[in-house]
Amino acid sequence: MAAAEHNPLLDGLRLRRRPDGCILVIFGASGDLTSKKLIPALYSLAVRQLLPEHFGIVGAARTEESDDQFRERMKQAVQEHARDEFEQEVWDELAAGMHYITLDFADDKRENKLRDVLTKLDEERGTGGNRVYYFAVPPSAIGTIVDEIAARRVAEGWIRLIIEKPFGHDLQSARDLNTRLKEHFAENEVFRIDHYLGKETVQNMLALRFANGIFEPIWNRQFIDHVQITVAESIGIEGRAGYYEQAGAIRDIFQNHLLQLVAITAMEPPIDFTADSVRNEKVKVLKALQTPGPKHVIRGQYGAGFVEGEEVRGYREEEGVAPASMTETFVAAKLYVDNWRWADTPFYVRMGKRLARRETTIAIQFKRAPHPPFEDAAAEGLRPNVLLIHVQPNEGVSLAIGAKVPGQGMTIRTVHMDFLYGGAFREGLPEAYERLILDAMLGDATLFTRSDEIEEQWALVDAIVAFWQRDRPSFPNYASGTWGPATSDELLHRDGRSWRRH
Ligand SMILES: NC(=O)c1ccc[n+]([C@@H]2O[C@H](COP(=O)([O-])OP(=O)(O)OC[C@H]3O[C@@H](n4cnc5c(N)ncnc54)[C@H](OP(=O)(O)O)[C@@H]3O)[C@@H](O)[C@H]2O)c1
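Heads up, the sequence shown is in the numbering used here, so the first residue is -4 and it goes up one at a time.
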């Protein structure tokens, strides 16, 4: 317990009120997300006694499985993927309220079976008709389930829907889905998840900007030269060709995580931290984003190469990928936020698979000192100040500053002032899904994406994809294990800048 007492982050979680009793229904319970993320997150919440006192979980999917088989599979998932040690007692309590139903949403009788199971569970566990429905299913399956739930909504209890990304495939499909949701549900009943917003470091960006007096005055075009955001993965598509061939990097990362990181970096201070205040400010940034011209968006696709010493094949050789696939696995872009704070300040963003290493960072590069009184040679190793937010891994913040090298003379070099979460707070960071599932149960939508944000994000993606139809770059154009195509470097070189390398 001593470690917990010294961990302000954990205190924050512990101080939160416990959600009302409810049943969490997971559609897509036979899938990857449920076993790798959702059930392990629920287990970690159970360890910390953050789940509702009256609680039940119902897994639903088309695959046949019994309650016992489901519980056993989930137990193994927890043992394999949870961040906490397995404790039999905690598990037994969670598993006691856990059920599975085999469900095909086209089958009406079966759907009544879901209703019957939920009613029975309400009686057994005192969950009062409150429901959280988690949509861990492909986007194409969402609409039908939404209609089915709406048709069988019971009068008592509240209802919340957590919808996974991708939310639609383009602006039109996202609008259609929003319209369908709005027909039956209020906006505050819909929680569109972008798990990046559940990450501690992303929330820490808000703390850094709005809880410290020193950053806000310099957080603008007068002091900041440019911003670089990198979402780099070293992995390939991990057997998910069916999904990735349709999505590509632009829909998989740019449309959601990347644009949310831009919005959080660039937003104005909200008047408070309620869901609407925060999302009002984010959507203003998304509306202010200029559509980049074709020259300012680079796309790439990985070829064979070496990642962390291991030989890997190219994207087109991956199982399930078309041999002449034009799907991009890398995107870099120069974006401008057209408002007073950011006019003419580029936001360079890049994201891709099979890059040199896994890293998500936001780098705020400040302008050079206006008149350094040192000779060029003395300040040879001196780079401009950079505030670097490590979103993952090695979560933390670092500030690059110039310092005098000890000894005779006046030689200046860049050094780093580092804050690492692992060093400052003793307990491991909560998984994003823990925070987000708990928030949804509490009805707090601050860290979820609102319908207007999603639509702004898609409008930008649609504009980019439209000009991509006009030309066919020669793919593959970068080797696995590098930092993407040469044209991505040129994007910055043209402006006399370069991507940071560490
Ligand atoms: N895995 C991740 O880490 C991750 C991360 C971010 C977002 N997501 C999103 O989360 C969702 C689920 O991902 P996943 O990785 O778990 O996918 P998955 O392993 O393919 O699982 C999909 C689940 O949906 C069910 N399903 C498929 N088609 C269905 C249909 N027509 N009607 C009803 N259910 C259907 C499947 O069960 P049955 O076939 O048994 O019905 C299965 O349980 C996707 O939208 C994905 O983009 C996943």
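No residue lacks a Cβ here, since even glycine has one placed at the ideal position from N, Cα and C.
Residue i in three-state terms, based on DSSP
i                 : result
valine 42         : helix
arginine 139      : It should be noted that the sequence gives threonine, not arginine, for residue 139. Threonine 139 falls in the helix class under three-state DSSP.
methionine 321    : coil
glutamate 305     : strand
threonine 340     : coil
methionine 346    : strand
leucine 377       : coil
glutamine 64      : helix
glutamate 354     : strand
arginine 155      : strand
glutamine 83      : helix
threonine 58      : coil
lysine 160        : coil
glutamine 241     : helix
histidine 94      : strand
glutamine 74      : helix
valine 278        : helix
lysine 399        : strand
phenylalanine 249 : helix
glutamine 464     : coil
threonine 409     : strand
valine 292        : strand
glycine 124       : coil
aspartate 131     : Note on identity: in this sequence residue 131 is alanine, with aspartate being the wrong assignment. Three-state result, alanine 131: coil.
valine 53         : strand
CB contact flag (residue i, residue j, <7 Å)
i                 : j                 : result
alanine 498       : lysine 194        : This structure gives no information on residue 498, because the portion of the chain shown stretches from -4 to 497.
alanine 337       : arginine 216      : The sequence given here places tryptophan at residue 337; alanine does not occur at that position. A contact, by the Cβ cut-off of 7 Å.
histidine 488     : glutamine 360     : no
tyrosine 95       : phenylalanine 65  : yes
valine 292        : alanine 258       : no
threonine 97      : glutamate 59      : yes
valine 456        : isoleucine 245    : yes
glycine 423       : arginine 68       : no
leucine 541       : leucine 40        : Any question about residue 541 goes unanswered here, given that the chain covers just -4 to 497.
arginine 352      : serine 272        : no
leucine 330       : leucine 284       : yes
tryptophan 453    : leucine 166       : yes
valine 132        : glycine 23        : yes
alanine 145       : isoleucine 449    : no
glycine 298       : proline 134       : no
valine 381        : alanine 358       : yes
threonine 29      : isoleucine 21     : yes
threonine 260     : threonine 356     : no
tyrosine 191      : glutamine 250     : no
alanine 374       : proline 368       : no
phenylalanine 205 : proline 264       : yes
proline 289       : phenylalanine 162 : no
Contacting residues, own chain, Cβ-Cβ under 6 Å from residue i (five flanking each side not counted)
i                 : result
alanine 227       : Leu350 and Glu354
phenylalanine 301 : Gly476
arginine 148      : none
leucine 116       : Ile18 and Gly51
proline 480       : Gly295, Asn472 and Tyr473
threonine 482     : Ile293
methionine 412    : Leu394
proline 425       : none
Beta-ladder partner(s) of residue i, from DSSP
i                 : result
isoleucine 359    : Val222 and Leu382
methionine 436    : In DSSP, methionine 436 forms no bridge with anything.
phenylalanine 414 : Val392
serine 168        : Paired residues: none, contrary to the question.
leucine 284       : Val332
serine 475        : Gly300
threonine 482     : Threonine 482 is not bridged to any residue.
Chain D within 7 Å of residue i, Cβ atoms only
i          : result
serine 320 : As a matter of chain content, chain D is missing from the structure shown, which is built from one protein chain.
7 Å Cβ shell around residue i - same chain, five flanking residues per side excluded
i                 : result
lysine 502        : As displayed, the chain neither begins before -4 nor continues past 497, which places residue 502 out of reach and without an answer.
phenylalanine 218 : Phe361 and Lys362
arginine 274      : Arg445 and Glu448
valine 316        : Ala236, Glu240 and Tyr310
beta-carbon residue i near ligand 3 non-hydrogen atom, thresh 6 Å
i           : result
arginine 78 : Summarising the ligand content, the structure contains ligand 1 and does not contain ligand 3.
Cβ shell of residue i (< 8 Å), same chain only, five flanking positions each side left out
i              : result
asparagine 389 : Leu415 and Gly417
(message) Taking 8 Å as the cut-off, does the region 441 to 454 touch the region 182 to 199 (at least 3 CB pairs, one atom from each stretch)?
(response) yes
(request) Pair every Cβ in the region 230 to 242 with every Cβ in the region 314 to 332, then say whether three or more of these pairs are closer than 8 Å. (result) The region 230 to 242 is in contact with the region 314 to 332.
(message) Quick test of the definition: if touching needs 3 or more C-beta pairs under 8 Å, does the region 86 to 102 touch the region 52 to 64?
(response) As far as the Cβ criterion goes, the region 86 to 102 touches the region 52 to 64, which means the pair count is three or higher.
(message) Under 8 Å, with one C-beta from each stretch per pair, do the region 71 to 86 and the region 121 to 141 reach the 3-pair mark?
(response) No: the two stretches stay apart, fewer than three of their Cβ pairs being nearer than 8 Å.
(request) Spell out a yes or no on whether the region 153 to 166 and the region 132 to 142 are touching, meaning 3 or more CB-CB pairs, one atom from each, closer than 8 Å. (result) yes
(request) Flag this pair as touching only if the region 327 to 345 and the region 191 to 210 have three or more C-beta atom pairs under 8 Å; answer yes or no. (result) no
(request) Decide if the region 389 to 408 is in contact with the region 429 to 439; the criterion is three or more beta carbon pairs, one per stretch, under 8 Å apart. (result) no
(request) Taking 8 Å as the threshold, find out whether the region 302 to 310 comes into contact with the region 362 to 372 through three or more Cβ pairs. (result) no
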